[in-house]
Amino acid sequence: MLVTVTDSIKFALLGPLQATRSGDPLDLGPRRQCALLSVLLCRANQVVPTDALLRGVWDDEFPPSGARLISTYVYRLRRVLGAAGTPEIERTRGGYLLRLDSGDLDTVRFGAAVDEAKEHSAAGRPEQARACLDTALELWRGDPFAGLPGPLLAAERLRLGEQRLAALEHRAELSLRCGEGDLGAAELRSLRVQHPLRERLAALLMIALYRGGRQAEALAVYTETDGRLREELGVQSGHELASVHQAVLRGDDAALGDLGAPAERRREAVAADTRRRDDLPAGPAHFVGRTRELEALAARRRRPRTSANVTVVDGMPGVGKTAFVLEVAARLRNRHPGGRFHLDLRAHRPGRTAMHPDEALRRLLTAAGHCAADLPDCVEERAALWRHTAAERGVLLVLDDAECTEQVRPLLPSAPNCTVLVAGRRSLPALPAGAALSLAPLDEAAATSLLTHGAGGDRVAREPDAVARLVKACDGSPALLTAIAGRMRHRGTLTFAAMAERVAAPGGLMRITPADARGLDSLLDPSWLRLTVAEQCALRDLAGHGDAAAAPPRPAVLDSLAEANLVEDTATGGYRLHPLVEAYVSEQFTPRSATVPVTG
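Sequential numbering of the sequence shown, starting at 3, is according to the numbering used here.
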């Protein structure tokens, strides 16, 4: 499949790297240059440090002139890929960024089609699931990045190859469920030639042969596979393959699961399950504070209403919006037995594009039991069908990481028996019947409780002064407090006093590694990349001067930053930065920087 970077340039990734403009092939240059472009495509919409590019293209044996070669390659690629003089590859502080609609990448399309197939399969729709996998597998033209060097691409090649093999296995399984055992057996035999030690393939082939009345051949597959595993790897067959072997020996159809079971029976079971749909993720293990906000929502819920109870929760990055809405949803779960639905709208997920309302409605409707093939084509009709379905059931809907009103409005039920919780970084005042709730950082008591629970009460009690300094430095940010607690919990000899000194050092806040090890910068990168140059300059000035009142007056720009929850209003009518935002902005500029770094 092809990937659009501009209106006229397309890339093919699942196979040898190819590029065309209006159907004409483009010369992307030498192998190393193509490898660099491929690395950037793999990390589209993410800043790739120069050092990572060097190691991704050359491993640890990059030449002394490697950095200069990277610049040369980027320059040449810009000339090929540029549109109207604007390069698609941007130079940022410390690396390069390829701006791209990742939803158009064939790797993303492949993953989306596989995910859709899983949804259909789980809902008892094997025919639709297999059609999705056919679409996904048609994107492949050969080995990804064939002929290109570098360890990163080699790892990507293996990862994508594993995903393709899993999709092929799933398609063969679906053929069995569709009653086409011969087709499934033929696919599996072909795959086993290439992967003779893969136990999942052997297990599926045994089932296909057994259901086709070829029990002896099924047992022979087990004998051959088990013998090769013992001889070549020195291991015995795993649980799945051994269980299938025993079931075939006994002629036990029930033990082989529901492969090939009547479709109508599966649909009836799925219909019953969708009436009890509960997609809500687990809430926070230790929820603290927010008493005033919870009481306000409870009071609003007690009022009579004629439309859905919609609450929009906004706040700065890392302030705990997701934790709050999931806590509220957990408290309301039993009030909505007709279904609890959760959608991540992906407005600020690194490397992902925000979910379009059309896709969001498709997911909601299929989760509610509608067949994807029967859904209306246009968004308005899908939204009407969703409102009808939600009203019938009285659903609870959580929409996390929302981007804008246009994304959320089509997803809102209208009936008063429905509750909607929306979380996002920006306020959405235009939503109908929406109760806006802006989350502020935690107060001192709640912040201390969060740090105490995460790091251990005994250790906190031994160093109350150092803990107080850390709480003050974090200024109520749950993201910072959780990251510090995780660091302290996993490093038993580290004292709070030592941690407080590290945090107080220049750039100390940004060097705290949270539990997911992505770094706190990944929390703010998506917001930063969405800003205009004027907005970045305003943040730079606020971070440099410290006092918002001394910053050059930019009322419209500062208001926009306030709506994005990247600056806070002060009692004097000015603006200030939260320490987390200030530390991040400071990382983007050198102390003497007077302008936003030029891309390139």
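No residue lacks a Cβ here, since even glycine has one placed at the ideal position from N, Cα and C. Values in this document were obtained by computation on a predicted structure and should not be read as measured data.
Measuring CB to CB, does GLU405 end up less than 8 Å from ALA481?
no
Go to ILE91, then tell me how far its beta strand (DSSP E) extends in each direction, as first and last residue.
Taken as a continuous stretch (DSSP letters only), the beta strand (DSSP E) holding ILE91 covers 91 to 94.
Could you tell me the distance, in whole angstroms, from the CA atom of VAL381 to the CA atom of VAL397?
20 Å
Which residues in the same chain as VAL410 place their Cβ atom closer than 7 Å to its Cβ, once the five residues preceding and following it in sequence are excluded?
LEU401, ALA404, VAL424, LEU430 and LEU433
Going by DSSP, name the residue or residues bridged to ASP467.
DSSP lists no partner for ASP467.
Helix, strand or coil for ASP460 per DSSP?
helix
Closest by CA to THR52, which one among ALA470, ARG95, GLY84 and LEU28?
ARG95
Can you round the beta-carbon distance between LEU526 and VAL583 to whole angstroms, since I take them to be within the 8 Å contact cut?
7 Å
Whose C-alpha, out of ASP145, ALA174, GLY236 and ARG428, is nearest the C-alpha of ALA119?
ALA174
Kindly identify the DSSP beta-bridge partner or partners of ARG578.
GLU570
Buried or exposed: which applies to GLU171, given that a residue is buried once 16 or more other Cβ atoms fall within 10 Å of its Cβ?
Buried: at least 16 other Cβ atoms inside 10 Å.
Where DSSP assigns a beta bridge to VAL49, which residues make up the other side?
LEU99
Within 8 Å (strictly less), CB to CB, does PHE147 reach chain C?
No chain C is present in this structure, which holds just one protein chain.
Go ahead and label ARG179 buried or exposed: buried means 16 or more other beta carbons lie within 10 angstroms of its beta carbon, across all protein chains shown.
ARG179 sits buried, since 16 or more C-beta atoms from the chains shown fall within 10 Å of its C-beta.
Would TYR75 pass as a contact of LEU38 if the rule is Cβ separation under 8 Å?
yes
Considering Cα atoms alone, identify which of GLY426, ARG428, ALA393 and GLU408 is closest to PRO415.
ALA393
Taking only runs of the alpha helix (DSSP H) that begin and end inside the stretch 53 to 84, which ones reach a length of at least 4 residues, in chain order?
68 to 83
Can you name the start and end residues of the beta strand (DSSP E) that THR22 belongs to?
20 to 23
What is the DSSP secondary structure of SER416, reduced to helix, strand or coil?
coil
Run through DSSP, which three-state label would ALA442 get?
coil
Less than 8 Å separating the beta-carbons of LEU413 and LEU366?
yes
ARG384: buried (16+ other C-beta within 10 angstroms of its C-beta) or exposed?
buried
May I have the straight-line CA-CA distance separating GLU295 from LEU141, to the nearest angstrom?
49 Å
So is ASP117 buried or exposed if we call it buried at 16+ other beta carbons inside 10 Å?
Its Cβ having fewer than 16 others within 10 Å, ASP117 is exposed.
If you run the structure through DSSP and keep just helix, strand and coil, what is ARG659?
The chain is shown only over 3 to 602; residue 659 falls outside these bounds and no answer can be derived.
Which residues does DSSP list as the beta-bridge partners of HIS344?
VAL400
Scan the stretch 303 to 361 and note each continuous beta strand (DSSP E) run of 3 residues or more that stays entirely inside, going in chain order.
311 to 316 and 342 to 346
Would you kindly work out how many angstroms separate the C-alpha atoms of ARG70 and VAL50, rounded to a whole number?
When rounded, the distance between both Cα atoms is 16 Å.
Excluding sequence positions up to five away, which residues of its chain have a Cβ less than 6 Å from the Cβ of ARG504?
GLY510
Can you give me the C-alpha to C-alpha distance between LEU221 and PRO378, rounded to a whole angstrom?
47 Å
Short of 6 Å in beta carbon distance, which residues of its chain neighbour LEU56, apart from the five on each side in sequence? Order them along the chain.
PHE64 and GLY68, listed in sequence order.
Taking the C-alpha atoms as reference points, what is the distance between LEU453 and ALA558?
37 Å
Give me the Cβ distance between PRO418 and SER309, rounded to the nearest whole Å; I'm assuming they're in contact under 8 Å.
6 Å
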